[in-house]
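S.K.: First, the structure itself, so that you have it in front of you.
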């Protein structure tokens, strides 16, 4: 049965998100890592050598380590697309997850090269999030946005390749709760969001320990804009072959870095755009929330995408981030807001649901829809 | 000159806030600690013995340790008001700072006993914050609220004693900026506040380390209500001998505990009640802000009560909490809000400005006004 | 097949170690939790209610949460041994794991009462560690010490009950490496050990966050004595029906508390008692080390009890504590010592291998040997 | 009187140790910063601009911020020695503190260039620690080592310039206690040292926060060798114009990085070389310990170089590192060692006593001796 798995490649395979992909794909029922590319200094080394002394995933944690066959893969130079094309021909790289850590322009151009070479790219990078025909996918929320792929391919003249991206990790905790409410007839008009984000979001070495012992940092470059704008594209629609943003909700974000390894927490005050559900209704809506990943039983889908905890001091990153394979959003403290309608606290695992796990779920969606 | 200092007592002298009082009053030009009371288990011991192995103030930090004469004070039982009355007669206790750590009802009753016995009480406890004739003082903002003291004394038949309190530490970071703006003609209508509060706010042992390593806790019992309501009393007025709350601003608070030793940080989104100043005007207003403590040059007054930092990643608790003897508010990140008018981040040292330092500043105000 | 599992009880079921037992025993192939006892204030509540708001195990971490049937168990008063005896008669409590958090004398007496009532006690408490006929078991090292059980039973006139204990969590990281070397003919004469211990070792709330942010504490009450003396009993022998301590190795321990959630790290300098192996030999000895748990394939046995990592900066608590179900010791940095013969760093998970996991492995040993 | 202060320069003025120098020299009675040099990217900027957004010293902490005149100094390129020579001629740079962060070879060569250009160099870098005629100074221990300076100058043909260095920060906590004992007739033969070192020792950004949340790292490159060997040079003597190492004590060091901002803690087991003092004698020896800095009352000298605390859980980095201007060593837990003679725990502030403060104290020594 092994032989029938879809062979996948990882771009940026030795970085932190790349390692997370390798870990989460160990024993994946549909996909198997057969190709790994990284910066020139890793190229030519066996994967196990390339990450020696730089492997950041805790052993035997949620994610396994990498399988032996992955350790023996010889890492390629990610800049050399012809290597991936050759691997594709040999049946070793049907598509790639991109966890490239380059400049925006370099990433943008390189991902297009892969697509042009016939290799679909499911990207964690932010480079193409505002490209008008590239979908920003959250599998439960906007699976239909994947249907821009034929348009995208046609526009570029790409026969087999295409590009999809995932949104910023900071919005994962509030997008599904918002979507659940909107789908039940209670769209949000305005929200003020305060995030307390984990250091793993900045990669390795990322944030200095001198900034994270007995301290918080009330600023993360570019994060507030992403937290405010990306939801509008995800809630938007395809019109005339390009994405048109939703007009609401209006979001104001304060993004803070806190001394937490994994798990972004957000405190949200929300005003509805129209009628207002009761707190009881909201909890019922969240508990019942399901999307295509659940309906079609994708391997990486959380059984319950939104988990509500009644204890007054939850969610907490260390205790709740791993809920349901670290793919669920955990919410708590729903109560009336003194200024808007409601307020609550929501948590999502930033390197799993917000990065590699979310990318894998997108790939599962794309396979289900026949694009892979 | 030593002899002319006002002799003061500390109730709850061995606890965390009590220790902070002892430290900050070392070499104070107006006050000298001559009386210390605590729980019965400390009573009868020399102060130095009572805090042996439990002294939490870092040596040679901002605050000094305690003077030798304080170490030799024999601790009294705080429940025995007659001891304080006797000390008063001997000239050793002209008034007390209360840092009692009892239940609300016990504290409330005991502080009244001290007042009835002729000992003015400047309290850090929350017990009397909503007593209608007890002022909640922030020396820069509502020094005139002290003028309810004669009414309070008369009502209770107290000849010399009275009670004043300080507000909750969580509001210190945003009260002065709001007051400065209101005083300049720009009152706030609504604000949504997200606090990230230091563990010292919970006393010792307080918050478990298991909750503060690789974690945050999105809940502090009672803190959100205090953060929303106390500002209305402080911005209120004396009418018919009691305090009448202000009607605005409407505040919605999310209070979180984060792994920081000292320094409460707040992220604020604010809507003005009427005309809106430019960002430049706001910075100018904050820079020029002064109150009675500055005008009259009180010993514990920060020279500049509001410090604005232009760097995009400030204020940070570890780097900014000690600004101007830990008595200033440090603000940064002023920018337009996507939902309200403006947003910014503000920081205040919770155990100095928000506790013992704030209490001492109130005492300086009361002495200046002739109430001590 | 469910029905054939051995029904077990947990004393102190709502505490931190008790919760760890409940988690680790979820889906255990041999044992099933059917009885839970705790302090009087939990007695009478369903287990799920008793731990509501106080459940410390991260969801979906290594350990699962508890099964539904455990949540529905009505908690009994641990002081009332007759309840356990009744549960035994009903087939719900064949033996107990003791995670009692009482004084040493109370624990000692109560555990004896359970044994006298016919309920074998596998204890995490330290009360009986120096009782002359109670074995301190580490399943790989001294499985034969269990054979004092018939002597113990006879001495007390206990028909079915008996008591075994596990050693202190601080010694787990160096006992197996020492045993492996001694078994290969290289016993240690002297060692100087420096531990850096996790806060979970102190239970909940345990260590104050004020002591663990930007700080370490160079003292843990009683820990150094345990770290020095318990190894001598474990390496000792049964003579005339009681344990006789080994004479070596001589150990000097410095025990420190550090801001780590789980995982005790020890730095060890060691002098051999006689001939000295090469570093290569030592690594080979450790890699080949196996004991009865591995030979008999106990469910909780790590496949490789000692894992050596070649990277120069390992083991690290966060990355290595969970190795092999958190039951393995992870070692690194083996190098010559400038003063003794060798030095190295070793790590063990204190609440799994060092507490509940170690207790379960002992129970597996006792069942294998026919004592349960 | 200002005009009579000796004008000093800082090499590497914008880095972490450079900033510490600037802070500690604010209002220094003998020295005044008039020259600042750093990497080419800072050259040409005003100092206040060069460190904007990168100033790491907490405001109003022990150290002040920098004086206005320092903020206005135009930073020079540290590689261009002619700039310093010109500043010397103008009376702005009588000598330099070197906090260069270059490779060992580059630092070594550049510091020699400064010396050759007539600028004495008091260096924090490790480059020249093993140069046979460069003294490694701890002002209390080996002030006479400064007397190699004339020999050094003569050998190189330097008329005015010379080089001195300070030892590694990891040894500061145990060198003075060892010296005190040796001076009292109780030299140490062997010691095993375990350090738990603060992250500021690695500079900024230095250690990743991902390695310091819920974690420790049992390795610091090169640190153990320095901790073992540098003491032998410091305890050594000048023979035939070069330093000859002492033969004892033999030291074995385990160096660990822990989540502490400032303050290196060491646990020490010690064997005496000959007669053994009682614990009481040792405490008396430490309490009475003084050196030239105390006798001659140098401005940066701690009044009591060794402070012993009787509490069983001290020293702790956060509470004790700032003792006596952060220039004292704080010791606790003196007790018999189970393997050697005694054991104890010692703490020293690594960026003050172990870096800039130690350098300034050396400069005070050199001025006192007439070398500056």
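Residue numbers (the working numbering), protein chains in the order written: chain A, 1 to 372; chain B, 1 to 372; chain C, 1 to 372; chain D, 1 to 372. Each residue gets a CB set at the ideal place from its N, CA and C atoms; glycine is no exception.
1) So which residues on chain A does residue 234 of chain C lean against when the C-beta distance must stay under 8 Å?
2) Among residues of its own chain, excluding the 5 on either side of residue 246 of chain A, which ones have a beta-carbon nearer than 6 Å to its beta-carbon?
3) My understanding is that residue 354 of chain B touches residue 172 of chain B, with C-beta atoms under 8 Å, so please give their C-beta distance in whole angstroms.
4) Cβ closer than 8 Å: which chain B residues qualify as neighbours of residue 4 of chain A?
5) Find the residues of chain C that neighbour residue 216 of chain B, judging by a C-beta separation of less than 7 Å, and give them in chain order.
6) According to DSSP, residue 380 of chain C sits in a beta bridge with which residue or residues?
7) To the nearest angstrom, report how far apart residue 228 of chain A and residue 272 of chain A are at their CA atoms.
8) By the criterion of Cβ-Cβ separation under 8 Å, what are the contact partners of residue 206 of chain D in chain A?
9) Kindly confirm or deny that the segment 185-192 of chain D and the segment 264-279 of chain D touch, where touching means at least three C-beta pairs closer than 8 Å.
10) Is any beta-carbon of chain B found at less than 8 Å from that of residue 62 of chain A?
11) Could you check whether the Cβ of residue 46 of chain B sits closer than 8 Å to any Cβ belonging to chain D?
12) Is it buried or exposed, residue 103 of chain A, if we count other Cβ atoms within 10 angstroms and call 16 or more buried?
13) Going by beta carbon distance, what residues of the same chain come within less than 7 Å of residue 415 of chain B, once the five residues before and after it are set aside?
14) Are the CB atoms of residue 338 of chain C and residue 316 of chain D nearer to each other than 8 Å?
15) Using beta-carbon positions only, say whether residue 304 of chain B and residue 324 of chain B come within less than 8 Å of one another.
16) Roughly how many angstroms lie between the CA atoms of residue 30 of chain D and residue 52 of chain A, to the nearest whole one?
17) How would you list, in chain order, the residues of chain A whose beta-carbon sits under 8 Å from the beta-carbon of residue 169 of chain B?
18) Keeping to the same chain, check which residues put their C-beta closer than 6 Å to that of residue 118 of chain D; ignore five residues upstream and five downstream.
19) For a contact defined as C-beta to C-beta under 7 Å, what are the partners of residue 58 of chain D on chain B?
20) Identify the residues that DSSP records as bridge partners of residue 79 of chain A: which are they?
21) For the beta strand (DSSP E) containing residue 186 of chain D, list its first residue and its last residue.
22) Taking a Cβ distance cut-off of 8 Å, strictly less, list which residues of the segment 8-26 of chain B are near chain C, in chain order.
23) Is residue 19 of chain A near residue 57 of chain A, with beta carbons less than 8 Å apart?
24) Compile a chain-ordered list of the residues in the segment 335-350 of chain B whose CB is closer than 8 Å to at least one CB of chain A.
25) If the criterion is Cβ atoms closer than 8 Å, does the pair residue 26 of chain B and residue 67 of chain B meet it?
26) Residue 220 of chain B versus chain E: which residues are under 7 Å apart at the beta carbon?
27) What is the DSSP secondary structure of residue 357 of chain D, counted as helix, strand or coil?
28) Would you mind giving the Cβ-Cβ distance between residue 327 of chain D and residue 256 of chain C, rounded to the nearest angstrom? I have them listed as a contact below 8 Å.
29) When the cut-off is 8 Å and only beta carbons count, does residue 213 of chain B lie next to chain D?
30) Any beta carbon of chain C sitting closer than 8 Å to that of residue 249 of chain B?
31) With a threshold of 8 Å, are at least 3 pairs of Cβ atoms found where one atom belongs to the segment 176-183 of chain D and the other to the segment 279-292 of chain D?
32) What residue does the beta strand (DSSP E) around residue 264 of chain D start on, and which one ends it?
33) Report the residue from D:262, D:307 and D:38 whose alpha carbon sits nearest the alpha carbon of residue 334 of chain D.
34) Nearest to residue 356 of chain A by alpha carbon, out of A:15, A:112 and A:6?
35) Hey, out of A:360, A:318, A:371 and A:264, whose CA is closest to residue 22 of chain A's CA?
36) For residue 98 of chain C, report the span of its beta strand (DSSP E) as first-last.
M.R.: This is what the structure gives:
1) What residue 234 of chain C touches in chain A: nothing, since even the nearest Cβ is about 26 Å away.
2) 232, 235 and 236
3) 5 Å
4) Ordered by position in chain B, no residue passes the 8 Å Cβ test against residue 4 of chain A, which lies about 40 Å from the chain.
5) Going along chain C, no residue has its Cβ under 7 Å from residue 216 of chain B, so there is no contact; the nearest lies around 11 Å.
6) Since the displayed chain C opens at 1 and closes at 372, residue 380 of chain C lies outside it and no answer follows.
7) 17 Å
8) 208, 209 and 210
9) yes
10) With a pLDDT of 48 at residue 62 of chain A, under the threshold of 50, the modelled position of that residue is not reliable, and no figure is offered here.
11) no
12) exposed
13) Residue 415 of chain B is absent from the model: chain B starts at 1 and stops at 372.
14) no
15) yes
16) 51 Å
17) Those do not exist, as residue 169 of chain B stays about 17 Å from chain A at its closest Cβ, beyond 8 Å.
18) 160 and 161
19) 318, 319 and 322
20) Per DSSP, none; premise fails for residue 79 of chain A.
21) Neither: residue 186 of chain D is in no beta strand (DSSP E) and is coded neither H nor E.
22) none
23) yes
24) 337, 338, 339, 340, 343 and 345
25) yes
26) Protein chains in the displayed structure are A, B, C and D, and chain E is not among them.
27) helix
28) Rounded, the Cβ-Cβ distance is 24 Å, inconsistent with contact.
29) yes
30) no
31) yes
32) 264-272
33) D:307
34) A:15
35) A:360
36) 95-98
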